[in-house]
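FYI, in our numbering the residues of the sequence shown are 456 to 1136.
Even glycine gets a Cβ: it sits at the ideal position worked out from N, Cα and C.
The structure appears below as structure tokens.
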Amino acid sequence: MQSAERSRVQRKLDLDSRGSQNCVEVEKGNANLQERSPNDVVAMTAAVELPGYDYGLPGEDVLVRPAPEGKEIRPKTRDSVVEIDPTDGGTNQTTTVLKDVHWPHGKREKWDSKLDFLLSVIGFAVDLGNIWRFPYICYQNGGGAFLIPYLIMYIFGGLPLFYLELALGQFQRSGCITVWSRICPLFSGIGFGICIIASFTAWYYNTIISWALFYMFDSMRSQLPWDSCDNWWNTEHCITVYEQLVDNSNATTGLFLRNRTFNPNMTYFSSTEEYFYNRVLQIQYADGFNKMGTIRWEVALCLAAVFTIVYFALWKGVKSSGKAVWVTATLPYVILSILLVRGLMLKGSLAGIHYYLTPNFEQLLNIKVWNAAASQIFFSLGPGFGVLLALSSYNKFRNNCYGDAMLTSFINCATSFLSGFVVFSVLGHMCYRMNKEMSKVANEGPSLVFIAYPEAIATLSGSTFWAIIFMLMLITLGLDSTFGGLEAIITGILDRWPHLRRRREIVVLIMVIYCFVGALPTTTNGGYYVLTLLDTYGAPFSILFIVFCECVALCWCYGTRRFSRDVKSMLGFSPGLFWQICWTFVSPLFLLGIFVLNIFFHTEVEVTVMGKAVLASGWVRIVSWLLIFSSISMIPIFMVIGLLQARGTFYQRCIALITPGIRPTFSDFQVHTPDPDKHSA
């Protein structure tokens, strides 16, 4: 530097439409002074110490705090660098960013590589729902015509929320609990609500993975265990997959299949269905919600194995999970490709794909189709679960989160579409071999991946191999989502109580044990009923309301313009008008619409097992509503706590709670052009 400019700090109160906010304005004089180092410049212009406030951020960001009269200090830095970025418009206005600011509890870890982060996001977003839900929803709601509302909801609803959460996490460098206290203290309960939902999901989601693990181990034999009806769990109503293969030249009204006569007036269940319900779940020993039976020790052991894998993937943070996803996020695509090629080679596969893609444009006039498209894209991308916040918080500050959002969200949607070919090609072959209609075999949820698809696999040569790799794919798909869900909780806890960071291994262990104990009821004989209850009421309703509150807190209280300036400080360019309109208006309406329609179309939970429907009793309905409100209630509870703890009149308390908290943004600290009238010698 040939010369440095004298700098002085003034305190300024900036009032805007969102309430009061303090900012620091640095005015540069014209006097020529001796050369100063970058650290000296920062110490003079940016560092003011406030008692009781953190002024450092983990990693590479500076926290410039407005203050009453305070003494200048030198920031506690290591290899500090001042980076001056000129803004657009030809002015001399600049923003100062401080690198590697001291963090009292250790520097925040970062991803070892960009690919670790991308695979983690893809692994979280691409989950079991891409396999067992999207193909069936597409088939049921207009086939190829369903892609029209799906893409519209993706562009105007899912993608903006996905981009918003990645950018917010990367800028704030914090988990779901503390980030909302900074953005808008009034909505600080959002983070705790998210953690409750994530724990509900962990209770049942990992049980599904344990079922797949059970299937995979039990398939390691010369003959698949669901091939025959000669096992102890089979009933007199059992019919094997081979006995269902129709010989068109010998078919009669009485159904003579493979030399066995079947009574057309009797209900039969496939050997695959009996294997799932009577062998894996042993649900015959339960009586609905009123008698759950005992814990299935085999399933519980598989569940323990799943959580053991999860623990060792998460115990070292993103350093360990970033390496685990190299296997768990890529292996499903290898297996999907193998299954797709094999499926397309089967007779009848094209007929199955025809069922999958044949458009029915009349369905577009049905509001349920649009609601299905909106719900599918939202729950597929997964904004609002705190996972995207947590994962992006470990990015470098200058990482291009905009490009990441475009790439990973597209891969997620493309995977959903591709999985439809994998599923329906094999189901089409099964319909061809058994002379069945697609409506009789196509289904969603666990019954698709644990009954229909294994039954179709049993008709293939080398069925043991195909069963093992299919279940392995389900396991890896599920593990990725579990990694993300628990990381959201763990990151939130460690950022809220940073002294626990040194004991991360213990925190992760406690969290894994807590989730394992919470999941044990789903491993009982009647655990399938508990799992259905958690899947129906644990997240779908409450997460929509919570993400709606997120949009209100960020876009209306914190402000879309301020957030856009935050994004610009990271990426070098502001989000376009399209994104700002979507964040401010479209996304909240998108979420509110799904929430209202899901309530309007909701019916009481009904679990059908072996042709028998089990309705929820009165106490089950009460538990269902408690599951919903247990997470939603965190928002009003923390609102009341915040109002009681604040000072001043009620109006002043409200203003304080909608004002960004202890963490000002980069856009609040700007170095302005000199004012000759304010020149100080």
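The alpha-carbon separation between S1029 and A860 amounts to approximately 15 Å.
Comparing C-alpha distances from M928 to each of P838, L583, F834 shows the shortest one belongs to L583. When C-beta atoms of the stretch 661-676 are compared with those of the stretch 842-860, fewer than three pairs fall below 8 Å, so the two segments do not count as touching.
CA-CA distance, G624 to F762, rounds to 26 Å.
Rounded to whole angstroms, the Cβ separation of T662 and L758 is 6 Å, and the two are in contact under 8 Å.
Under DSSP, S725 shares a beta bridge with I694. Beta-bridge partners of T1063 (DSSP): A1068. When DSSP states are grouped into helix, strand and coil, T662 belongs to the helix group.
In the structure shown, the three-state DSSP call for K774 is helix. Listed in chain order, the non-local C-beta contacts of I577 below 6 Å within the same chain comprise A784, T863, I866, local neighbours out to five positions each way being set aside.
The residue from E753, A600, C856, F642 with its alpha-carbon nearest to that of S1024 is C856. DSSP places H884 inside the alpha helix (DSSP H), whose first and last residues are 856-889. Boundaries for A784: no alpha helix (DSSP H) harbours it, and the DSSP string shows neither H nor E there. Looking at the backbone, the Cα of N826 and that of D685 are separated by about 45 Å. By the criterion of a C-beta distance shorter than 6 Å, F905 is surrounded in its chain by F731, once the five residues flanking it on both sides are discounted. Within its own chain, the residues whose Cβ lies closer than 6 Å to the Cβ of N689, once the five positions on either side in sequence are excluded, are E729, listed in chain order. Using a Cβ distance threshold of 8 Å, L843 and F647 do not count as a contacting pair. K746 is bridged by DSSP to D742.
Collapsing the DSSP output to three states places T979 in a strand.
Per DSSP, Y908 is one residue of the alpha helix (DSSP H) stretching across 908-912. By the neighbour-count criterion, in which 16 or more other beta carbons inside 10 Å mark a residue as buried, K565 falls on the buried side.
For the pair S804 and G883, the CB atoms are nearer than the 8 Å cut-off.
K802 sits in coil when the DSSP states are folded into three classes, being neither helix nor strand. Note on geometry: alpha-carbon atoms of G748 and S726 lie some 23 Å from one another.
Taking I1113 as reference, the option from W1038, T656, T695, C1012 with the minimal CA-CA separation is C1012. Non-local C-beta neighbours of P680 in its own chain, meaning closer than 8 Å and more than five positions away in sequence, comprise D673, S674, N686, Y730, R734, ordered along the chain. Secondary structure at D1021: helix, using DSSP grouped into helix, strand and coil.
When DSSP states are grouped into helix, strand and coil, M675 belongs to the coil group. Counted as a single uninterrupted DSSP element, the alpha helix (DSSP H) harbouring C1109 occupies residues 1105-1112. In this model, L836 and A580 are separated by some 5 Å (Cα to Cα). The criterion of a C-beta distance shorter than 8 Å is satisfied by L791 and V877. DSSP, reduced to helix, strand and coil, places D990 within a helical segment of the structure shown. Cα atoms of P901 and G981: separation of roughly 15 Å, rounded to the nearest angstrom. Secondary structure note for I610: it is in no alpha helix (DSSP H), with a DSSP letter that is neither H nor E.
Under the three-pair Cβ rule at 8 Å, the stretch 987-1005 counts as touching the stretch 648-655. The three-state reading of DSSP puts H1057 in coil, since its state is none of H, G, I, E or B.
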